[in-house]
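Each residue of the sequence shown is one higher than the one before, counting from 1 in the UniProt record's numbering. In what follows, a structure is listed as structure tokens, so that the remarks can point back to it.
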Amino acid sequence: MSIDLSQFFEVFFEESFEGLDAMESELLNLTPGEADSETLNTIFRAAHSIKGGSGTFGFTSVSDFTHVLETLLDQIRQGQRQLEAQHVNLLLRSVDCLREMLQALQSEQEPELDTAKELQQQFEEILGLSEGEVAANENEASVSPSQQAETNTYQILFKPHHHLFKTGNEPLFMLSDLGDLGSIEVEADLSVIPEIQNLQGDECFMSWKVFLQTEATQEQIKEVFEWVEDDADIDISLCGGLFSEQESSAPTEPLEHDDAAQQSSENEPVAQATQAPASKGKANKAKSNESTSIRVGIDKIDSLINMVGELVITQSMLSQLGEQEVTENTLAALQEGLAQLAHNTRDLQENVMRIRMLPISFVFSRFPRLVRDISQKLGKQVELKILGEGTELDKTVMEKISDPMVHLVRNSLGHGLETPEQRKQSGKPEIGTVTLNAFHQGGNIVIEIMDDGRGLNTEKIREKAIANGLIDGNEELSDDDINELIFEPGFSTADEVSDISGRGVGMDVVRQNISSLSGSIEVVSTPGTGSTFTIRLPLTLAILDGQLVRIAEHTYIVPLITIVESLQIDTNKVSRVGKSLEVLRLRDEYIPILRLYQLFNHHDAITELDKALLVVVECDNQKVGLLVDDLLAQQQVVIKSLEANYQKVDGVSGATILGDGRVSLIVDIAGLTKMAGLKKPGAQEALIDAAALHEEQV
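Structure follows, in structure tokens:
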């Protein structure tokens with residue numbers, strides 16, 4: 001029977017990337033000269049699984065490279081070699097190389113092998129230092145030097161116990177490892193597989209008979225089953241009667257099975273391991289059918305099932321009421337049933353959204369390595385503190401926030417933190433601190449990136465802004481407004497360009513990416529003390545709490561999170577700036593007024609300020625007032641993207657379908673302020689000055 005491996009490709013890549021993440025995390029926990037055996041075993045098991053899986057699917061470049069990496073790890077964990085800092089650095093670079101190779105293979109491309117060859121050469125140089133010792137150990141383990149070079153044929157009976165999958169091991173990987181030792185022929189015993197209704201997905205029912213022609217010794221064959229020797233019956237015997245030695249108490253006869261499950265015995269040959277590279281076409285097929293996956297805790301699934309059960313009960317109750325004669329009692333019961341239906345639907349919605357929620361530790365886990373590498377490169381000593389790693393947010397938000405956070409952390413390391421000598425001169429500890437913190441606040445998640453470095457140099461930022469023409473030299477700006485200039489495109493205060501920072505790209509992209517998630521970012525900095533970047537994001541991008549507003553006969557939705565207040569306009573406090581822009585003095589602030597009917601080209605809307613309403617919103621620390629005809633209801637809406645079928649529309653972030661079937665557009669506050677020209681540096685201050693001057697003249 002030929003095994004179609006295409007269904008396993010997605011699982012292989014997912015588990016391989018998880019294994020690489022585990023390897024990286026554990027490698028960062030290693031201390032040269034003080035290697036922890038459990039940590040090393042965890043790293044070795046992850047590498048071994050990747051090697052076995054890649055060999056199974058014919059990815060020989062990955063399996064060969066991992067084999068060399070695995071050899072060094074094995075020597076260290078066996079105590080044959082002392083762990084050194086260069087070993088950790090080399091292994092970390094190898095993890096990066098493997099990740100790039102697997103990403104290329106996942107994209108159905110040939111991996112770039114130059115880096116792998118360079119690293120493999122370094123491994124071989126290290127391993128060559130004790131080549132004689134390794135050779136001596138191999139000779140000692142072998143039966144005899146002449147036998148070691150002799151090609152023999154072994155019969156291997158491999159019967160995993162039912163619980164093998166629960167140990168995290170995969171039998172196919174071991175068959176692949178045997179294929180690495182020589183030419184094999186595999187027969188699968190399918191006779192004990194129960195009927196489909198009795199199958200258990202987490203139990204192993206198959207067993208295999210393998211004929212292996214190899215120059216390897218019996219000890220080397222035993223190493224393939226090192227991790228499952230207590231979870232399987234294994235018999236290794238040399239064909240031809242030269243010798244026969246059992247690995248365990250399993251009989252040399254064909255493997256026996258439980259009578260209850262035994263059917264007519266039928267051994268079917270499996271595709272030989274040497275044919276694995278021919279599965280490239282299957283990889284393409286698997287890739288085309290690939291879908292984004294997410295792992296969900298069983299408690300969330302159980303809660304969802306309970307909610308569906310409640311809905312079924314409510315539906316049954318309403319169906320019975322529909323069959324009864326209409327009376328006051330049935331109407332009251334119907335109202336109660338509808339209220340219960342609304343309650344159950346809301347609970348179901350919350351539970352469905354919880355399924356998409358993942359702890360932010362998935363993002364935070366990449367930063368220990370990043371901080372370690374960059375701090376070493378810059379000659380800085382840095383301690384990374386992580387708080388709130390259990391805070392959950394939507395998977396889509398998490399995927400899109402990762403890159404902006406990398407930019408911010410790199411800037412903290414490159415610009416914010418001083419060298420140990422500079423910190424010592426300033427009376428600070430030589431070790432700088434970068435802190436990542438996440439917590440929920442209302443319906444948002446707040447992420448803070450803090451450092452105890454030198455802080456932002458407002459004077460230098462101002463000089464650069466004037467030199468770049470971003471602001472006028474006579475313009476007076478507060479420190480907070482000056483700090484906001486770092487988010488302008490192309491802005492950088494770095495004296496030298498490096499691969500860490502200084503190219504003038506990044507911070508503006510950070511703000512754009514965060515704004516695209518309906519979020520905001522602000523910076524607070526104290527010279528000599530440090531800086532804090534605060535990101536605020538919605539927990540999910542699928543559902544939005546919105547305020548429905550009417551403009552003419554059209555309904556728009558304003559994100560509730562952006563609304564500060566709504567009010568009727570006192571025309572005596574309105575000033576006109578320039579030809580068309582109006583500004584409302586509200587307490588001690590000046591609020592620009594945006595007439596939405598003009599921006600969206602609605603001619604039959606209310607145009608008189610004293611007859612309309614003003615919705616004051618805030619985005620990126622900037623307040624504006626949206627002129628609308630009326631306020632309608634507040635409700636949760638499901639966000640539908642427009643960009644799949646239409647080009648990007650300024651001032652609109654998406655759409656939704658209302659309860660009556662009408663389509664309503666969702667307002668993008670950041671886009672509106674940009675359309676009105678209020679996003680330019682110093683625009684807000686110019687408005688305030690002009691409005692104040694207008695009031696004095698009046």
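Virtual Cβ for every residue (Gly too), placed ideally from N, Cα, C.
- Rounded to the nearest angstrom, the gap between the Cα atoms of residue 461 and residue 202 is 60 Å.
- Bridge pairing for residue 595: 627 [DSSP].
- Apart from the 5 residues on each side of it in sequence, residue 429 sits with its Cβ closer than 7 Å to the Cβ of 423 in its chain, given in chain order.
- When only Cα atoms are considered, residue 413 and residue 102 end up about 29 Å apart.
- A buried status is given to residue 445, since no fewer than 16 other beta-carbon atoms sit within 10 Å of its beta-carbon.
- Shown here for residue 632: same chain residues with a beta carbon closer than 7 Å to its own, the five before and five after excluded, namely 548, 549, 550 and 555 in chain order.
- Taking the Cβ atoms as the reference, residue 546 lies roughly 7 Å from residue 666, within the contact range of under 8 Å.
- Annotated as proximal: residue 98 and residue 62, with beta-carbon spacing under 8 Å.
- The segment 233 to 240 and the segment 150 to 170 touch, with no fewer than 3 CB-CB distances between them shorter than 8 Å.
- Residue 50 sits in a helix when the DSSP states are folded into three classes.
- Contact check for residue 151 against residue 217 fails: the beta carbons are separated by 8 Å or more.
- In the three-state reduction of the DSSP assignment, residue 475 falls in the coil class, being assigned neither a helical nor a strand state.
- Contact between residue 582 and residue 574 holds: CB atoms are separated by about 6 Å, below the 8 Å threshold.
- Taking the CA atoms as reference points, residue 321 sits about 48 Å from residue 647.
- In this structure, the straight-line span from the alpha carbon of residue 325 to that of residue 356 is close to 43 Å.
- Around the C-beta of residue 611, fewer than 16 other C-beta atoms lie within 10 Å, and the residue is accordingly described as exposed.
- Counting only the Cα atoms, residue 51 lies some 12 Å from residue 175.
- Assignment of residue 368 by DSSP, reduced to helix, strand and coil, places it in the helix class.
- Distance from the CA atom of residue 123 to the CA atom of residue 358, rounded to whole angstroms, is 37 Å.
- The three-state secondary structure of residue 97, taken from DSSP, is helix.
- In the three-state scheme derived from DSSP, where H, G and I count as helix and E and B as strand, residue 24 is classed as helix.
- In this structure, the straight-line span from the alpha carbon of residue 315 to that of residue 399 is close to 38 Å.
- The C-beta distance from residue 617 to residue 609 rounds to 17 Å, too long to meet the 8 Å contact threshold.
- About 7 Å separates the Cβ atoms of residue 544 and residue 636, confirming a contact at the 8 Å cut-off.
- Note: residue 357 is bridge-paired with 394 in the DSSP secondary-structure output.
- Of the candidates 464, 386 and 468, 386 places its Cα closest to the Cα of residue 433.
- Around the beta carbon of residue 514, 16 or more other beta carbons lie within 10 angstroms, which makes this residue buried.
- Spanning the alpha carbons of residue 449 and residue 591 requires a straight line of approximately 30 Å.
- Within the UniProt domain "CheW-like" (543 to 678), the complete beta strand (DSSP E) segments of 3 residues or longer fall at 543 to 551, 554 to 559, 563 to 568, 574 to 577, 581 to 586, 589 to 595, 613 to 619, 622 to 628, 630 to 638, 652 to 657 and 663 to 667, listed in chain order.
- In the DSSP assignment, residue 209 falls within the beta strand (DSSP E) that extends over 207 to 214.
- Around residue 80, the same chain offers no residue with a beta carbon nearer than 6 Å, after the five sequence neighbours per side are excluded.
- Residue 76 and residue 89 have their C-alpha atoms some 15 Å from each other.
- Following the DSSP letters along the chain, one finds residue 508 inside the alpha helix (DSSP H) bounded by residues 507 to 516.
- The three-state secondary structure of residue 77, taken from DSSP, is helix.
- In the structure shown, the three-state DSSP call for residue 454 is coil.
- Of all C-beta pairs linking the segment 335 to 348 to the segment 296 to 311, three or more are shorter than 8 Å, placing the two stretches in contact.
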